[in-house]
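In terms of full-length UniProt numbering, the sequence shown opens at residue 1 and continues consecutively. All residues carry an ideal CB built from backbone N, CA and C; glycine is no exception. Only a predicted model underlies this, so the values are computations on that prediction, with no experimental measurement involved.
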Amino acid sequence: REGIRESENAKMSEVTESSCESSSGTSRVVEPGESNVMMQIIDYTEHFSSDLQGFMEGSGLAGAGFDYNVVAIIGPQSSGKSTLMNLLFQTSFRTMDEASGRYQVTEGVWLGRDPVRPIVVLDLEGTDSRERGEDAITFERKSALFALALAEVLVVNIWTQDVGRFNASNLSLLKTVLELDLQLFVKDQTEFRKTRLLFVLRDHVSTPMEKLKDILTADVEKIWDTITKPTQVELSSVTQFFDLDFVSLPHKVLRPEDFEREAMILRERFRDGRVFHEGYKRGILADGFATFASNIWEIIRTNQDLDLPSQRSIVAIVRCDAISRECTSDASSRIEEIRSRISNEITHVEDLSTLLSGILSEGTERFTERSSKYDQDVVQGKRQDLLEHLRSLCKEVYVQAEEKAEEVAFRTVQDWIRDRLSTPLTWVNFQNDVGIMISESLQKFDSICGPVHAVETFSSRGREKLMKRMSVEVENARIEIYRQSLDDRMETFSLRCRKELGPFFDVLAEDMWQMISSKIVELSKPLKNELDDVMKELGFGLDTEERKLKDVESRLFRVVQEVVKTLIGDASGFTYRLTKFFDQSFRFDDRGVPRSWGPSDDVDAIYLAALESSKKYLKQFAFIEIGEISKPNFTEEDQHRLQAALSTHASAACLDAKRTRDNLSIRAKIPIWLIGLLIVLGWNEIVAVLRNPYLLVALVLLLPVAYLTYSLDLLTPLRPFMASALERARTRGVDLLSQAFESTGSQESGGAATMSSAPSHSSSQDSH
């Protein structure tokens with residue numbers, strides 16, 4: 001048996017080589033009228049070919065949708081099944097070479113197609129084969145069930161002479177077909193589909209066709225009555241499940257022309273669709289036929305229960321997944337192009353939302369169109385999965401473009417703010433201008449990353465993020481502009497305060513601080529009005545404006561406090577101001593004329609009044625009182641030090657005044673006779689001076705100076721300088737006298753030594 005199979009396979013290889021190429025990965029579309037397109041889908045060992053999908057695509061059947069038909073043929077081995085299929089459908093199934101004997105030609109299940117009409121042709125291995133022997137029944141049952149699950153028309157090929165015989169006419173196989181049909185289509189009442197049983201009576205000679213029909217019909221009905229049926233169809237007839245059709249063909253050898261003619265008539269019945277009916281269809285799309293057939297055969301081969309509805313759902317899942325992958329692949333390639341443009345372009349990709357919307361809508365529409373005829377429950381679920389996946393892919397590139405668009409729009413805002421801050425009167429019309437700028441930036445962003453409209457809106461939070469970033473940037477700019485405006489006005493206010501408040505600190509007035517407060521209110525009013533205008537132009541809210549005005553009040557006080565402290569000075573600096581105030585009160589009268597102390601002046605009263613005024617002056621500046629705010633300006637310790645310094649200075653001034661007054665009193669008490677006596681006694685000296693021009697000139701120059709010095713009491717301020725000069729003169733004189741004494745002493749010691757040596761010399765001479 002194996003030897004026969006190997007020899008026949010060798011003969012078959014040349015015939016089927018070209019047809020197999022169409023299903024081996026190099027699929028091609030079959031042109032009308034082209035034959036010799038076939039493949040073995042189930043081999044002798046019951047292995048299902050993985051190339052069926054390629055065959056369906058290459059033969060042009062995959063795109064037929066539901067508009068295709070399936071025809072299968074069963075019958076005894078060597079009964080001319082393949083020959084009949086070749087005649088009816090222009091296929092090229094290998095036929096037996098009678099010169100080589102009778103043997104098995106068709107092994108397993110072969111598949112071909114009609115080149116004119118989309119008809120799938122299944123050529124099943126013949127029954128009662130010598131090669132399979134006792135194992136033939138098992139495979140016959142499996143192949144028959146496979147054919148029933150797929151075929152709308154089941155051709156039963158029998159010899160006319162065998163009609164009326166049970167085994168020869170394959171009635172046993174027919175019984176199997178009827179049982180399997182009930183197993184397939186009655187389990188679920190919704191799956192109530194018919195199959196046409198087309199009996200082709202070969203080598204018909206003389207027996208009337210009606211007689212043959214009656215015999216076969218009776219045999220079929222008898223078989224139907226004998227098989228076990230489900231309860232719901234127990235009383236049904238065979239015609240509820242099968243349409244019986246009968247055709248006879250003359251002898252091919254003895255009457256070849258008649259045989260050819262009748263075969264062509266039968267071909268036309270297939271070609272024009274009279275053999276087929278809508279109720280025969282199995283509800284499998286052509287592009288899912290390969291998956292459905294593969295799953296069906298796997299279940300049959302492993303002897304599992306066959307559930308066609310669930311298998312159709314499986315096919316729908318498989319095909320929807322395949323369609324989804326194709327849609328995703330196409331979308332991914334387009335998205336990658338967009339991603340590349342986003343990475344390469346300097347600014348942004350125009351019409352991004354339109355592009356992504358197109359990808360979403362086209363992908364889902366393409367999926368819907370190609371999967372519309374599958375199980376809608378499966379289709380809807382897979383469509384939603386596809387939509388989510390496409391949306392995820394779009395979102396990735398959308399976010400990438402969005403981030404770039406966000407940076408472009410945000411940089412526009414930053415550049416605008418930078419330019420704005422560098423212009424004068426930055427705050428003027430700021431709120432209106434910034435609103436226009438933000439609107440333009442958002443329009444630019446929306447033109448790039450507008451909402452994607454497809455099945456539903458594709459949304460992102462990028463716009464919200466951009467608005468928040470712009471709001472923060474604008475708020476920072478608003479605060480900076482306000483700060484600059486406030487600083488400028490505070491500086492101007494400080495300068496005006498220094499100028500306007502200075503005179504208030506040179507006088508003693510009980511209402512000084514009230515006057516200063518009024519002046520500050522007067523000076524600050526324009527500032528507050530200007531700042532109010534600034535805040536309105538900047539777009540601050542009422543709450544913010546009220547809070548800012550409170551801050552302005554606080555800062556105004558700080559500025560005034562700094563100005564006051566600067567004008568008053570610290571404790572050490574205020575000492576000069578305090579002593580100056582005392583001197584102004586003590587040394588000058590109410591008219592500002594310097595006092596000329598006379599014998600009648602009450603120095604003590606003037607001193608006490610000036611001292612009391614100075615103490616009030618000190619007390620006046622001990623606290624800073626502006627409006628309702630009062631803060632200490634000097635500490636208790638500082639005040640004690642200032643009072644001590646004032647007392648010291650005032651005491652010295654008082655003593656000087658008294659000394660001057662006393663000197664004038666002494667001069668006023670000199671008698672006139674004493675003056676006359678001085679003139680008489682000093683007349684010679686007066687004449688000597690008048691006669692000496694040098695002394696006269698010196699006297700003329702010195703007398704006015706001496707008079708002015710005395711009358712203006714300039715000796716008091718000059719006394720320290722004169723004392724210092726006299727001290728230096730005294731020190732210098734002492735040094736000169738010391739040097740003179742030392743020089744004189746050394747000369748005297750030298751002379752004494754000379755005198756002592758002279759007597760010694762004379763005495764020695766006397767001895768001689």
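By the 10 Å Cβ neighbour count, where 16 or more other Cβ atoms means buried, how is residue i classified, buried or exposed?
i, result
"His649", "buried"
"Ser762", "The predicted position of Ser762 is uncertain, since its pLDDT is 44 and thus under 50; a value taken from the coordinates is nonetheless stated next. Classification of Ser762: exposed, given that the 10 Å Cβ count is below 16."
"Phe241", "buried"
"Lys616", "exposed"
"Val29", "Below a pLDDT of 50, predicted positions are generally treated as unreliable, and Val29, at 41, falls in that range; no measurement from the model is reported."
"Phe721", "exposed"
"Pro704", "exposed"
"Gly676", "exposed"
"Phe292", "buried"
"Gly592", "exposed"
"His47", "exposed"
"Thr26", "Since pLDDT at Thr26 reaches only 34, below the 50 mark, its modelled position is unreliable, and no value is offered."
"Trp683", "exposed"
"Pro76", "buried"
"Leu180", "buried"
"Ile679", "exposed"
"Pro115", "buried"
"Glu278", "exposed"
"Gly363", "buried"
"Trp673", "exposed"
"Gly80", "buried"
"Asp419", "exposed"
"Val37", "buried"
"His640", "exposed"
"Ser237", "exposed"
If you follow the beta strand (DSSP E) that residue i is in, where does it begin and where does it stop?
i, result
"Ser248", "242-248"
"Asn529", "Counting along the chain, Asn529 falls outside any beta strand (DSSP E), though it belongs to the alpha helix (DSSP H) covering 512-538."
"Arg483", "Not the beta strand (DSSP E): Arg483 falls in the alpha helix (DSSP H), residues 462-501."
"Gln161", "It is not in any beta strand (DSSP E) - Gln161 carries neither H nor E in the DSSP assignment."
"Arg113", "109-113"
"Gln40", "38-42"
Do residue j and residue i come within 7 Å of each other at the CB atom, strictly closer than that value?
i, j, result
"Lys519", "Glu491", "no"
"Phe445", "Ala477", "no"
"Phe430", "Leu531", "no"
"Gln443", "Ala290", "no"
"Lys525", "Met535", "no"
"Glu440", "Trp513", "no"
"Arg469", "Val397", "no"
"Ala605", "Phe586", "no"
"Lys175", "Ile223", "yes"
"Ile73", "Asn157", "yes"
"Val734", "Ala657", "no"
"Phe259", "Lys213", "no"
"Val563", "Arg498", "yes"
"Ile41", "Val121", "no"
"Leu145", "Ala263", "no"
"Val434", "Val474", "yes"
"Ser371", "Ile323", "yes"
"Arg113", "Ser49", "no"
"Asp123", "Thr106", "yes"
"Arg334", "Ile359", "yes"
For the alpha helix (DSSP H) containing residue i, list its first residue and its last residue.
i, result
"Phe289", "289-301"
"Phe410", "376-421"
"Arg269", "256-271"
"Arg691", "683-691"
"Trp224", "209-226"
"Ile606", "603-620"
"Asn86", "81-89"
"Arg370", "352-371"
"Met56", "52-58"
Below 8 Å on the Cβ atoms is my guess for residue i versus residue j; work out the distance and round it to an integer in Å.
i, j, result
"Phe55", "Val153", "About 21 Å separates the two Cβ atoms, so there is no contact after all."
"Phe634", "Leu646", "Their Cβ separation, rounded to whole angstroms, is 13 Å, which puts Phe634 and Leu646 out of contact at 8 Å."
"Phe410", "Leu466", "6 Å"
"Leu197", "Leu249", "Incorrect: roughly 17 Å between the Cβ atoms, too far for contact."
Can residue i be considered in contact with the ligand SAM, in the sense that its beta carbon sits closer than 6 Å to one or more heavy atoms?
i, result
"Arg319", "The ligand SAM is absent from the structure shown, which contains no ligand whatsoever."
Report the residue ranges of all beta strand (DSSP E) runs contained in full by the segment 620-649; include only those spanning at least 3 residues, in chain order. 623-626, 629-632
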